[in-house]
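Worksheet: the structure to be examined is printed underneath.
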Amino acid sequence: MIVNISINGKVQSHDVEPRLLLVHYIREYAELHGTHWGCDTSNCGICIVLMDDPNTPEPPYPVKSCTMLAAMAEGYEITTVEGMAHPDGTLDPIQMGFHEMHALQCGFCTPGMMSTGRWLIERHPNPTQMTDHEIRDGISGNLCRCTGYDNIVKAIRWAASYIEEHPESARTART
Amino acid sequence: MQTPAPCEYSRATSVDDAIAQLQALGGNARILAGGYSLIPMMKLRLANPGHVIDINPLESELNYIRQEGNEIRIGALTRHVNMLESDLLSQVFPHIFREAEAVLADPVVRNRGTMGGSLCQSDPAEDLSGVVVALKGEAVLRGPGGAERVVGMEEFHLGPYMTSVQPTEMLIEVRIPTHSGFGGAHEKVERRAGDFAIVAASAALAIEGGRITFAGVACSAVGPTTLHIERAEKALVGQAPSEDLFAQCGQMAAADCSPNSDGRGPADYKRHVAGVLTTRALSRAAATAVS
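Read top to bottom, the protein sequences are chains A and B. Per the working numbering, the first sequence starts with residue -19, numbered consecutively. Per the working numbering, the second sequence starts with residue 20, numbered consecutively.
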């Protein structure tokens, strides 16, 4: 079947099996390898991408792309890590936060972790006031085996503060 | 690499269209909602539908939480996040929904997973099913020609991954009776954040004039389905709430459940935890009952 998905603003159209998972559509057909493929059992959150669901008024939210058929995303807008930065190359605040706070070591969990972190900040009524518990609970669907999470929590908090100080920076490629 | 077996995919344009598709496919199809249970089952080949019918486009028809008379009605496509954050649910059923939803999987899964998917997966370790069983909710099943039947949870859950939903039927709504003087709680012990329960207990009480007028007790992960602890419920109704009574109910839950030894723990440990959690959930439910 032909599946059309807009990924990072570019409409992809590929003839795929209906059983193809979204993560493989992104990696093998759209050839965007920034989205990693981890446990394959919807536990680790490595494969998380942001999805804009036209059926709901919700802003783009994170989904585990190993547990979604590509066909389910037909007509939806997907943002992967490649689409986070501004077109001029300026990093998204969440990317800056991960850089500033040294929130990655091997980097395998980072695209998923940043997608969830970005969503937590967007969704929270007062993101700079997020407690450590709220952030840790928010990323509980993302596993990191390197950092111990401390610097990831700090990076998300850093990004929230940066966005408060530079509201214009929150405008990413997807908005 | 895990991937589902070959299958066909289509989208539903309405509930009636989904049922017509189920009928046309003659039992070889499954309804696909959030996908966080069905797709893993398909990857493991525990579910092998020849066709999946995606109902995610039916948000406007099936995602709702509303009160009608003495009932709360929850649409089958209502997402876990909607139930977690619902003011109506936390007002009518304080604590119990929010406590269960807060420990059900993780926020990313809760964005997509649904009420209907949780019940139809019929996983005895799943948290929301425990809440619906304790609250004595009923499932509305719609079949061909718009025929509807309403079944209680005992009739609905037949065993692990087995429900009484027929191949041409679809769960469209869950109805839960409301009570004045309601208090509820959900207690869970898990290996790590977001995991399935080692054991969980859900308790629902209504207390009026110092007496228990309604009691619902459910234990998860300690039997082939979410267990309804009937003996405890009978012992509670008509009595004044007390810690002794709740401790007796915990003993009944421990005695009446039937856990298996597995990677989450030995059976006698789970039996003990079921008793402790039941007592604890009842005690908190009574303490929080709106008088």
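Glycine included, C-beta positions come from ideal geometry on N, C-alpha and C. Treat the numbers as computed from the prediction; the structure is a model and nothing was measured.
Tell me the DSSP secondary structure of residue i in three-state form.
i: Met(-19) (chain A); result: coil
i: Phe112 (chain B); result: coil
i: Pro42 (chain A); result: strand
i: Gln109 (chain A); result: helix
i: Ala153 (chain A); result: For Ala153 (chain A), the predicted model reports a pLDDT of 40, less than 50, meaning its position is unreliable; a value from the coordinates is still stated below. Ala153 (chain A) falls in the coil class under three-state DSSP.
i: Cys268 (chain B); result: helix
i: Leu138 (chain B); result: helix
i: Val295 (chain B); result: helix
i: Pro147 (chain A); result: helix
i: Asp287 (chain B); result: helix
i: Leu65 (chain B); result: coil
i: Arg250 (chain B); result: helix
i: Asp263 (chain B); result: helix
i: Arg98 (chain B); result: strand
i: Arg125 (chain A); result: coil
i: Glu57 (chain A); result: strand
i: Cys117 (chain B); result: A quick correction: the sequence has Arg, not Cys, at residue 117 (chain B). Helix at Arg117 (chain B).
i: Leu12 (chain A); result: coil
i: Asp117 (chain A); result: helix
For chain B, is any of its Cβ atoms less than 9 Å away from the one on residue i?
i: Ile28 (chain A); result: yes
i: Asn(-16) (chain A); result: no
i: Asn106 (chain A); result: no
i: Asp33 (chain A); result: yes
i: Thr90 (chain A); result: no
i: Asp112 (chain A); result: no
i: Asp117 (chain A); result: yes
i: Arg154 (chain A); result: Unreliable placement is indicated for Arg154 (chain A), whose pLDDT of 45 sits below 50; the coordinate value is still reported in the next sentence. So, not an interface residue.
Looking at chain A, is there any beta carbon in it that lies within less than 9 Å of the beta carbon of residue i?
i: Pro196 (chain B); result: no
i: Val236 (chain B); result: no
i: Ala95 (chain B); result: no
i: Ile217 (chain B); result: no
i: Glu262 (chain B); result: no
i: Leu123 (chain B); result: no
i: Lys289 (chain B); result: no
i: Lys62 (chain B); result: yes
i: Leu51 (chain B); result: yes
i: Thr307 (chain B); result: no
How far does the beta strand (DSSP E) with residue i in it reach, from first residue to last?
i: Ala223 (chain B); result: 216 to 227
i: Tyr28 (chain B); result: 27 to 30
i: Val208 (chain B); result: 201 to 209
i: Ile231 (chain B); result: 230 to 239
i: Ala65 (chain A); result: It is not in any beta strand (DSSP E) - Ala65 (chain A) carries neither H nor E in the DSSP assignment.
i: Arg85 (chain B); result: 84 to 87
Which chain B residues are close to residue i, counting only those with a beta carbon under 8 Å from its beta carbon?
i: Met(-19) (chain A); result: Tyr28
i: Ala51 (chain A); result: Tyr28, Asp73
i: Glu(-3) (chain A); result: Pro25
i: Leu71 (chain A); result: The contacting residues do not exist; Leu71 (chain A) stays about 23 Å from chain B at best.
What residues from chain B crowd round residue i, counting only those whose CB sits closer than 7 Å?
i: Tyr41 (chain A); result: Asn130
i: Thr96 (chain A); result: Val127
i: Gly25 (chain A); result: Val127
i: Leu1 (chain A); result: Thr22
Closer than 8 Å by beta-carbon distance: list the chain A residues that pair up with residue i, in chain order.
i: Tyr55 (chain B); result: Ser22, Lys44, Thr47
i: Pro59 (chain B); result: Thr21, Ser22, Thr47
Between residue i and chain D, is the shortest Cβ-Cβ distance under 9 Å, so that the two count as touching?
i: Glu62 (chain A); result: The question asks about chain D, but that chain is absent: this structure's protein chains are A and B.
Which residues in chain A have a C-beta closer than 9 Å to the C-beta of residue i? List them in chain order.
i: Met20 (chain B); result: His4, Trp17, Asp20
Chain A partners of residue i, CB-CB under 7 Å?
i: Gly213 (chain B); result: Ser120, Gly121
Which residues does DSSP list as the beta-bridge partners of residue i?
i: Ser(-7) (chain A); result: A:Asn(-16)
i: Cys27 (chain A); result: Partner(s): none; Cys27 (chain A) has no beta bridge.
i: Val71 (chain B); result: B:Tyr28, B:Arg49
i: Val193 (chain B); result: B:Ile93, B:Ala158
i: Gly178 (chain B); result: B:Met181
i: Leu123 (chain B); result: DSSP, once it has assigned bridges, lists no residue as partnering Leu123 (chain B).
i: Glu167 (chain B); result: B:Arg161
i: Asp32 (chain A); result: A:Glu57
For the alpha helix (DSSP H) containing residue i, list its first residue and its last residue.
i: Met172 (chain B); result: 172 to 175
i: Ala37 (chain B); result: 34 to 43
i: Phe88 (chain A); result: First-last for Phe88 (chain A): undefined, no H or E at that position.
i: Glu78 (chain B); result: 78 to 81
i: Glu80 (chain A); result: 73 to 80
i: Gln257 (chain B); result: According to the sequence as given, residue 257 (chain B) is Gly; it is not Gln. Segment: none, Gly257 (chain B) is in no alpha helix (DSSP H) and carries neither H nor E.
i: Ala153 (chain B); result: 146 to 153
By the criterion of Cβ-Cβ separation under 9 Å, what are the contact partners of residue i in chain B?
i: Thr36 (chain A); result: Glu78, Asn82, Arg98
i: Leu84 (chain A); result: Result: empty, since nearest Cβ-Cβ is about 19 Å, beyond 9 Å.
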